[in-house]
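Report on one structure; see the data block that follows.
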Amino acid sequence: MSQTNYESCNQTMAAVTEYDRKRLKAFFDHVNKARKCLYDAMDIDQAAKGKDVRTQLTAIPLYVEAQSSAEAAQKALPKVIPSSQADKIDKDRRFLVTCISGARDRISDLRQLQRDSPSSFLASSSRLPGIVEPTTIQGGAKKKGIAAAFASQAEQDILGTIVDSTNVGLSDIVGNEDAKQALRETVILPALNPALFTGLRSPVRGILLFGPPGNGKTMMAKAVASEGSYTFFNISAATIMSKWVGEGEKMMRELFRIARERQPSIIFIDEIDSMLSARGEDENGSSRRVKTEFLLQFDGITTTSNDRIVVLAATNRPFDLDEAVLRRFPRRIFIDLPSAEARFNAFKASFSATKCSLSASELRRLADHTEGYSFSDLQAVCTEAAWAPLRELPPHRIQRASDRDVRAVNFNDVMKALSVVRPATSEETRQKLREYAGRSAQIPTR
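When we follow the working numbering, the leftmost residue of the sequence shown carries the number 2, and every step to the right adds one.
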């Protein structure tokens with residue numbers, strides 16, 4: 002039961018005085034004004050975004066008025082309210098909280114935009130232009146309620162990154178046994194019995210998966226989330242970064258807020274180096290602010306013992322990451338190219354659903370021939386080989402052919418495919434990653 006409903010139920014015996022009625026009327030007046038100012042500000046803000054900085058900045062006074070009216074409404078609410086209006090007041094109170102936080106964020110963002118904009122854009126006026134009515138802005142369709150606010154849009158974008166359980170466990174993934182065991186110990190086991198993992202056994206909050214591309218880092222992260230019953234957020238730089246000033250750090254804040262609401266959570270950041278790389282002279286202000294916001298939010302989950310949020314990140318270039326970011330990932334797990342045994346199992350699994358005449362000894366020979374290939378490279382080899390029997394059939398036969406008319410894939414088909422599909426990772430890159438693993442990874446490499 003909400004606080005408002007609770008109060009109304011416990012105060013039904015109390016008479017609603019004339020003073021209370023006046024305060025309640027003032028409450029509704031302030032709510033209506035806050036709602037109108039917020040929606041008008043949003044119309045201007047959205048319609049002018051990226052087109053007219055001066056016009057976009059005219060939304061600031063409206064956001065200020067919306068925030069002020071919302072705060073006044075909170076103060077005006079009487080202690081005794083009619084029970085018949087409890088539900089409406091409850092909804093209005095929730096709106097006020099969203100209005101205040103959303104307006105405050107947009108005021109901050111727009112003032113930052115004003116500071117970052119060339120002075121020539123604002124030179125014609127020594128102060129902000131007057132308020133422009135929304136009807137003067139083309140394309141500014143009226144939003145349908147508070148869900149259309151920018152903060153709510155950010156929430157919808159983050160909720161869209163949640164991935165449903167894949168029902169794939171770590172045992173279903175071929176190779177990298179040391180890495181899988183490390184993930185079981187650091188993520189899955191603490192989720193099964195959190196009370197057991199306290200003090201020195203407290204799980205780390207940041208885990209970095211690094212290694213050559215195409216070796217299942219993302220699949221491992223999803224498998225961990227599935228086994229530990231975590232809410233899985235699949236984040237990339239495109240999800241967070243924005244050309245609009247202030248929106249990148251807002252998305253980062255929203256990500257961690259929703260992760261707290263839906264914990265236990267795993268925030269998986271793919272190609273983290275593209276978003277949180279080392280500082281350089283060419284780094285723009287937006288990237289720097291996003292990085293700072295990430296560090297602040299990450300430190301927040303590590304200082305709150307009750308939070309069950311793990312940040313799992315993946316990269317092919319760990320040496321490009323900012324040192325401050327790296328310190329937040331004390332567990333760094335090297336996901337190497339597959340071993341000969343893993344390659345054998347990968348070939349076996351890939352051809353299990355395709356008619357083939359490959360013997361175990363031939364699969365072993367293929368595994369020996371593919372040193373330096375990633376799992377995605379091996380999949381490409383198998384796909385290329387599977388096409389060989391089809392290429393032998395003329396088009397008019399393919400139209401009526403069944404699986405019985407297509408010969409089995411053989412050893413020679415795969416060997417020919419190896420001449421077409423080459424490893425994507427150079428030996429130089431692999432050696433550089435292995436050297437980094439030797440210095441920084443916290444599990445033994447094979």
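We treat Cβ as the ideally placed atom computed from N, Cα and C, and that holds for glycine. Since the model is a prediction, treat every value here as computed from it, not as a measurement.
Just checking my contact of residue i with residue j at CB under 8 Å: how many whole Å lie between their CB atoms?
i: Val-326; j: Leu-391; result: With a Cβ gap of about 48 Å, Val-326 and Leu-391 do not count as contacting.
i: Glu-255; j: Ala-155; result: 4 Å
i: Leu-97; j: Ala-77; result: About 11 Å; that fails the 8 Å criterion.
i: Leu-193; j: Ile-334; result: The Cβ separation is near 20 Å, so there is no contact.
i: Pro-213; j: Leu-434; result: 6 Å
i: Ser-227; j: Asn-168; result: 6 Å
i: Val-175; j: Val-225; result: At roughly 16 Å, the Cβ-Cβ gap does not stay under 8 Å, so Val-175 and Val-225 are not in contact.
Going straight from the alpha carbon of residue i to that of residue j, what length do you get?
i: Gly-170; j: Ile-270; result: 20 Å
i: Asn-411; j: Val-422; result: 17 Å
i: Ser-70; j: Asp-117; result: 29 Å
i: Leu-63; j: Ser-109; result: 13 Å
i: Val-461; j: Leu-338; result: Any answer about residue 461 is impossible in this case: the structure gives the chain only from 2 up to 447.
i: Gln-57; j: Phe-330; result: 40 Å
i: Ser-203; j: Ile-163; result: 26 Å
i: Lys-26; j: Ile-61; result: 27 Å
i: Val-382; j: Asn-235; result: 28 Å
i: Ser-362; j: Gly-161; result: 46 Å
i: Gly-200; j: Glu-186; result: 15 Å
i: Asp-179; j: Ile-336; result: 9 Å
i: Lys-349; j: Ser-340; result: 14 Å
i: Gly-301; j: Pro-191; result: 20 Å
i: Glu-272; j: Gly-207; result: 15 Å
i: Ile-45; j: Asp-106; result: 16 Å
Answer with buried or exposed for residue i, where buried requires no fewer than 16 other C-beta atoms within 10 angstroms of its C-beta.
i: Lys-218; result: buried
i: Ser-266; result: buried
i: His-397; result: exposed
i: Val-32; result: buried
i: Pro-319; result: buried
i: Leu-367; result: buried
i: Ser-351; result: buried
i: Ile-399; result: exposed
i: Asp-88; result: exposed
i: Asn-216; result: buried
i: Gln-298; result: buried
Are the CB atoms of residue i and residue j nearer to each other than 9 Å?
i: Ile-259; j: Val-312; result: no
i: Gln-113; j: Val-54; result: no
i: Ala-387; j: Asp-414; result: yes
i: Thr-293; j: Gln-264; result: no
i: Ala-104; j: Gln-47; result: no
i: Asn-177; j: Met-242; result: no
i: Glu-324; j: Ala-279; result: yes
Does the CB of residue i have a neighbour CB from chain D at under 9 Å?
i: Ala-425; result: This model lacks chain D altogether; it includes just one protein chain.
Every unbroken beta strand (DSSP E) inside the stretch 56–130 [3 residues or more]: Runs found: none.
In chain order, each beta strand (DSSP E) run of at least 3 residues that lies wholly inside the stretch 323–366: You should have 332–335.
Alpha helix (DSSP H) runs contained entirely in the stretch 145–203, provided each spans 4 or more residues: 151–160, 178–184, 190–193
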